[in-house]
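Below: the structure, in structure tokens.
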Amino acid sequence: MNLYQGLCAATWDLWRDDTAGWSDRFFYRGVIAQFGEPVLDLGCGTGRLILDYLGEGVDIDGVDNAPEMLAICRSKADQAGLEPNLYQQDLEHLDLPRRYRTVLGPSGVLQLVTDPDAADNCVRRIFEHLLPGGALVASFSFEWKPGSPLQTGWEELFTRRRPSDGAVIRAWTREWYEPAARLWHVEQRFDVEVDGVVVESELHRRSPEGRWYSQAQAAELFAQAGFADIEVCHGFTRSPATPDDRIFCVLGVRPG
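One gets this note's numbering by counting positions in the sequence shown from 1 and adding 107 to each.
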């Protein structure tokens, strides 16, 4: 599973900007209301969901494998007067001290486990961390379609001014795809510019970046781990997915 670090981690929130209105936030909140607490946020990163939910009084823990992302999350929690339980672990070796009623897999986090055997083990470890009757819900997405180019070339990701010092951050990204292996890869370039002069640059390569799944393959990933009552959902809704959906969620329940 890839680490997000350096300028990628440091500018993560700057790139994503205001996420309070993202539809998945409300979708996952509804799943929590149905299946209950405590909750685990997989790949919690800089705290987009865990800190919002914790501020609302939800009993929620977070896990991520990237120490720099977790450090940012802790800093933001301190500023907000929150005290989250945060764990640094790879999901395929998940070993936490308690069990959960709801586990969230936002932002395609399960797709970042690119080895098929590791992905199978990851979902089994999540299953073992659920209480009977508890649920795992995770998002899946992929943009490439048959007939599309196998690489994007460099594209601007964002240009933002950093509030802390006024520096301009510029980022570019390119992706390339291996349809037969169901993998995609990414490179990202970051420049920090002060008074028109580039004072810092980084190149990040994550190869592979992620594995894509058809709806049937994602549902089978859950089924092989022991999940029942599996739903494949249209986007961030509880309506059934349509065959053309490029973003969908899978929800499965640990039998009680």
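All C-beta atoms in this analysis are idealised placements derived from N, C-alpha and C, irrespective of residue type, glycine included. Note that the structure is predicted; figures quoted are calculated from it, not measured.
Cβ atoms of residue j and residue i: under 8 Å apart, would you say?
{"i": "T118", "j": "R155", "result": "no"}
{"i": "L217", "j": "V244", "result": "no"}
{"i": "V230", "j": "L149", "result": "no"}
{"i": "D298", "j": "V304", "result": "no"}
{"i": "G260", "j": "R232", "result": "no"}
{"i": "A335", "j": "G359", "result": "yes"}
{"i": "E309", "j": "H292", "result": "no"}
{"i": "Y194", "j": "V170", "result": "yes"}
{"i": "C180", "j": "H311", "result": "no"}
{"i": "I337", "j": "A330", "result": "yes"}
{"i": "A225", "j": "E199", "result": "yes"}
Excluding the 5 residues flanking residue i on each side, which residues of the same chain have their C-beta closer than 6 Å to its C-beta?
{"i": "I354", "result": "S248, G342"}
{"i": "Y111", "result": "A173, M176"}
{"i": "A325", "result": "F247, V357"}
Taking only three categories from DSSP, how would you classify residue i?
{"i": "H200", "result": "helix"}
{"i": "V357", "result": "strand"}
{"i": "W279", "result": "strand"}
{"i": "N192", "result": "strand"}
{"i": "F247", "result": "strand"}
{"i": "Q295", "result": "strand"}
{"i": "V216", "result": "helix"}
{"i": "Y135", "result": "helix"}
{"i": "S308", "result": "strand"}
{"i": "Y160", "result": "helix"}
{"i": "L149", "result": "strand"}
{"i": "D224", "result": "helix"}
{"i": "S348", "result": "The amino acid at residue 348 is misidentified as Ser; the sequence shows Ala. In the structure shown, A348 sits in coil (DSSP, three-state: anything other than H, G, I, E or B)."}
{"i": "P286", "result": "helix"}
{"i": "A140", "result": "helix"}
{"i": "V165", "result": "coil"}
{"i": "L237", "result": "strand"}
{"i": "R269", "result": "coil"}
{"i": "L59", "result": "Because residue 59 is not part of the residues shown, which for the chain are 108 to 363, the question remains open."}
{"i": "A242", "result": "strand"}
{"i": "A335", "result": "strand"}
Going by C-alpha distance, which of the options is nearest residue i?
{"i": "L161", "options": "V360, V146, S130, H292", "result": "V146"}
{"i": "D351", "options": "R345, C340, R206, G359", "result": "C340"}
{"i": "G164", "options": "M176, C151, R136, R313", "result": "R136"}
{"i": "G363", "options": "K252, G333, W251, P315", "result": "G333"}
{"i": "D159", "options": "G188, L114, I276", "result": "G188"}
{"i": "I167", "options": "I276, S271, N192, I179", "result": "N192"}
{"i": "D124", "options": "R318, W319, P270, A287", "result": "P270"}
{"i": "Q141", "options": "T209, P239, T349", "result": "T209"}
{"i": "R318", "options": "S346, D227, S130", "result": "D227"}
{"i": "E263", "options": "T344, E199, R296", "result": "R296"}
{"i": "T406", "options": "A116, E144, V138", "result": "This structure gives no information on residue 406, because the portion of the chain shown stretches from 108 to 363."}
{"i": "A184", "options": "Q196, L198, I157", "result": "I157"}
{"i": "A287", "options": "G113, Y320, D224", "result": "Y320"}
{"i": "R313", "options": "V220, I179, D224, Q331", "result": "V220"}
{"i": "I276", "options": "E294, L290, V301, S255", "result": "V301"}
{"i": "E250", "options": "L238, A225, R289", "result": "R289"}
{"i": "S182", "options": "L198, T153, H200, R205", "result": "T153"}
{"i": "D120", "options": "E307, R268, E294, S346", "result": "R268"}
{"i": "L238", "options": "D272, D222, G143, G254", "result": "G143"}
For residue i, which residues in the same chain have their Cβ closer than 7 Å to its Cβ, ignoring the five residues on either side in sequence?
{"i": "L257", "result": "W283, Y284"}
{"i": "F265", "result": "W122, A278"}
{"i": "S214", "result": "G150, S246"}
{"i": "S346", "result": "C340"}
If you drop the 5 nearest sequence neighbours on each side, which residues of the same chain put their C-beta closer than 8 Å to that of residue i?
{"i": "F234", "result": "L243, A332, G333, F334, R361"}
{"i": "S203", "result": "With the sequence shown as reference, residue 203 is identified as Leu, and Ser is not the correct amino acid for it. Cβ neighbours of L203 beyond the five flanking positions: L147, D168, V170, Y194, Q196, H236."}
For residue i, is the beta carbon positioned less than 7 Å from some heavy atom of the ligand ZN?
{"i": "V299", "result": "Absence of the ligand ZN from the depicted structure is noted, as is the absence of any ligand whatsoever, leaving it without description."}
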